[in-house]
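Heads up: the structure comes next, in structure tokens.
2 protein chains.
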Amino acid sequence: MILATVSKHIRLTAEEQTFWRGQMRQRTITKGGFLLSAGEVGLYQAFVLKGCLRSYYTDAQGKEHILQFAPEDWWTGDMASQLRGTPAVLSIDALEDTDVILFDGPGRERLLERVPKFERYFRILIQNAFIAQQRRTLSNLSKTAEERYAEFRKLYPSLDGRVAQKHIASYLGMTPEFLSTVRKRVIAKS
Amino acid sequence: MILATVSKHIRLTAEEQTFWRGQMRQRTITKGGFLLSAGEVGLYQAFVLKGCLRSYYTDAQGKEHILQFAPEDWWTGDMASQLRGTPAVLSIDALEDTDVILFDGPGRERLLERVPKFERYFRILIQNAFIAQQRRTLSNLSKTAEERYAEFRKLYPSLDGRVAQKHIASYLGMTPEFLSTVRKRVIAKS
DNA sequence: CGTCTATTTGAATGTACTCAAAAGCGGTGG
DNA sequence: CCACCGCTTTTGAGTACATTCAAATAGACG
């Protein structure tokens, strides 16, 4: 559950937990449904309880590039858009029927005001996301396609085989055809 | 100055400013000198007052991959290492004689304890860094070498021509030879 | 079962890399 | 002040990795 995740980083009183719950809404997104379409303002950050979302960018040629998968216990959202109220660059949709908990900007602000400890929680959350993102940049710069695929399987153990290969290819920045040949090599080795 | 940068995001009393100053140390790193060598624990986050640092990763084949340039007004450091006390993956050295302000972990904790508003400052700081890092990942996935170089010139206007091209190539994930040909094309267009 | 989409396979192409050599540039010492 | 040295950048030829396009196979879902 989400409170278990939160309490790994900060300790909350019963009253604070209640308030926290009051600021969030729950929703189910059916497979193929959207949490956010590029161009809208991304009102929510979402925590995935069950299922899997993907956030992606559609380039000028109409190609989709997956920035992140968000299976169970991951947060996702277009942070730049929510924070600054600008149109979202990212789209977010569901690869499976997915249950999420949603946080809007005002809800977060109310929470931060009432329970300042959450500043810490959010800081740690984002810090970890940032560190992970840096690692990914370094991977892109220094690793071969084969190594990156192997790395993906470690990062998202539950997703290999669960999401379409063309999506994994998109996340890794290669064509599905090429990933197909890479897989043969990687799997042969393991 | 750094306090100008800080006060863009949070308001500080004179007393808080004094306390903040007390937690930081200033240092000069001469060209070629190191703020951090991979393998050590990265004790500091650095704010650059003047000059330019680079943080980079050295891969198994001994190739260097630049993660970030930090000219004036940028923060840098190996966050994962500082936070978790693990050996740094990154090295950080000076491309020019560079004046920095240093923050160690305990200093930051004291500051957060005494002036909790800084949670907010650090959160915003990291949030922006995270958003920027996501943008870079998307660039790597979706843009051509030419477009990425053009983007670099926008992101670091002061650095093109100021740092060696081989370093820019390393940051962009291409060979210096190839960047050289890319430049010809990009500059011809502008 | 049949249809639609995803994955695999293969051939041809292009983009970026390696290696090698020439040209440019900056600093240092004679 | 100029000549030389070392390092960076440019140029070019040959190569490798990844892409595109096309077709065949396999899987998923109604």
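Protein chains in written order, with our numbering: chain H, 1 to 190; chain U, 191 to 380. Note that beta-carbon positions come from the ideal geometry of N, C-alpha and C, so glycine has one too.
By the criterion of Cβ-Cβ separation under 7 Å, what are the contact partners of U/MET214 in chain H? Taking the second sequence and counting its residues from 1, the one referred to as residue 214 of chain U is at position 24. Those do not exist, as U/MET214 stays about 19 Å from chain H at its closest Cβ, beyond 7 Å.
Quick check on H/LYS102 - is its C-beta less than 8 Å from some C-beta in chain U? By 1-based counting over the first sequence, the position of residue 102 of chain H is 102. The question names Lys, but residue 102 of chain H is Leu in the sequence shown. No, H/LEU102 does not count as interfacial toward chain U.
Could you give the residue range of the alpha helix (DSSP H) that holds U/ILE291? In the second sequence, the residue the question calls residue 291 of chain U occupies position 101. First-last for U/ILE291: 288 to 294, but that is the beta strand (DSSP E), not the alpha helix (DSSP H).
Partners in chain U for H/GLY77, counting only beta-carbon separations shorter than 8 Å: On the first sequence, position 77 is the one that residue 77 of chain H refers to. Chain U residues near H/GLY77: none, gap ~11 Å exceeds 8 Å.
May I ask you to verify whether the stretch 124 to 132 of chain H touches the stretch 254 to 270 of chain U, counting CB pairs closer than 8 Å and requiring at least 3? yes
For H/GLU119 and U/ARG298, believed in contact at Cβ under 8 Å, the rounded distance: Within the second sequence, numbered from 1, the residue matching residue 298 of chain U stands at position 108. Within the first sequence, numbered from 1, the residue matching residue 119 of chain H stands at position 119. Incorrect: roughly 14 Å between the Cβ atoms, too far for contact.
Quick check on U/GLN235: buried or exposed, where buried means 16 or more other Cβ atoms within 10 Å of its Cβ? Working through the second sequence from its first residue, we reach residue 235 of chain U at position 45. By the neighbour-count criterion, in which a residue is buried when 16 or more other Cβ atoms sit within 10 angstroms of its Cβ, U/GLN235 is buried.
With H/ARG25 as the anchor, note down where its beta strand (DSSP E) starts and where it stops. Here residue 25 of chain H is taken as the residue at index 25 of the first sequence, counted from 1. Its beta strand (DSSP E) spans residues 25 to 29.
With a threshold of 8 Å between beta-carbons, can H/PRO106 be considered close to chain U, or not? Along the first sequence, read from residue 1 onward, the residue named residue 106 of chain H stands at position 106. Taking Cβ atoms only, chain U never reaches closer than 8 Å to H/PRO106, which makes this a no.
On the criterion of 16 or more Cβ atoms from any shown chain inside 10 Å, does H/ARG11 qualify as buried, or is it exposed? By 1-based counting over the first sequence, the position of residue 11 of chain H is 11. Result: exposed.
Whose C-beta lies closer than 7 Å to the C-beta of H/GLY51 among residues of the same chain, with five residues either side of it excluded? Walking along the first sequence from the start, residue 51 of chain H turns up at place 51. Counting only Cβ-Cβ distances below 7 Å, and skipping sequence neighbours, we find ALA94, GLU96, ASP97, THR98 and ASP99.
Within the 8 Å Cβ cut-off, does U/ARG352 reach chain H? If you number the second sequence from 1, residue 352 of chain U lands on position 162. It does not: the Cβ of U/ARG352 has no partner Cβ on chain H nearer than 8 Å.
Please name the residue in H/GLU16, H/ARG21 and H/ILE92 whose C-alpha comes closest to that of H/ALA38. The count along the first sequence starts at 1 and reaches residue 38 of chain H at position 38. Ranking H/GLU16, H/ARG21 and H/ILE92 by Cα distance to H/ALA38 puts H/ILE92 first.
Considering only the beta carbon of each residue, do U/LEU280 and U/LEU257 sit closer than 8 Å? Locating residue 280 of chain U in the second sequence gives position 90, counting from the first residue. Locating residue 257 of chain U in the second sequence gives position 67, counting from the first residue. Annotated as proximal: U/LEU280 and U/LEU257, with beta-carbon spacing under 8 Å.
Using a Cβ-Cβ cutoff of 7 Å, what residues of the stretch 122 to 154 of chain H are near chain U? List them in chain order. PHE122, ARG123, ILE126, GLN127, ALA129, PHE130, ILE131, GLN133, GLN134, ARG136, THR137, LEU138, ASN140, LEU141 and SER142
Residue-level contact to chain H via CB, U/ARG310, 8 Å cutoff: Walking along the second sequence from the start, residue 310 of chain U turns up at place 120. Yes, contact with chain H.
Beta-carbon separation (whole angstroms), U/VAL231 vs U/PRO277, contact threshold 8 Å: As a position in the second sequence, residue 231 of chain U is number 41, starting the count at 1. As a position in the second sequence, residue 277 of chain U is number 87, starting the count at 1. Confirmed, about 6 Å.
Just checking my contact of H/GLN26 with H/ILE101 at CB under 8 Å: how many whole Å lie between their CB atoms? Walking along the first sequence from the start, residue 26 of chain H turns up at place 26. Walking along the first sequence from the start, residue 101 of chain H turns up at place 101. Right, their Cβ atoms sit about 6 Å apart.
Residues of the stretch 159 to 187 of chain H with a CB closer than 7 Å to any CB of chain U: list them in chain order, please. GLY173
Taking the CB atoms as reference points, tell me whether U/LYS356 and U/PRO347 lie closer together than 8 Å. Position 166 of the second sequence holds residue 356 of chain U. Position 157 of the second sequence holds residue 347 of chain U. Not in contact: U/LYS356 and U/PRO347 (Cβ atoms no closer than 8 Å).
Could you tell me the distance, in whole angstroms, from the CA atom of U/ALA378 to the CA atom of U/VAL372? In the second sequence, the residue the question calls residue 378 of chain U occupies position 188. In the second sequence, the residue the question calls residue 372 of chain U occupies position 182. Near 10 Å, if we compare the C-alpha coordinates of U/VAL372 and U/ALA378.
At the 8 Å Cβ level, is U/ASP395 part of the contact set with chain H, yes or no? Given that chain U is displayed from residue 191 to residue 380, the structure contains no residue 395 of chain U and the question cannot be resolved.
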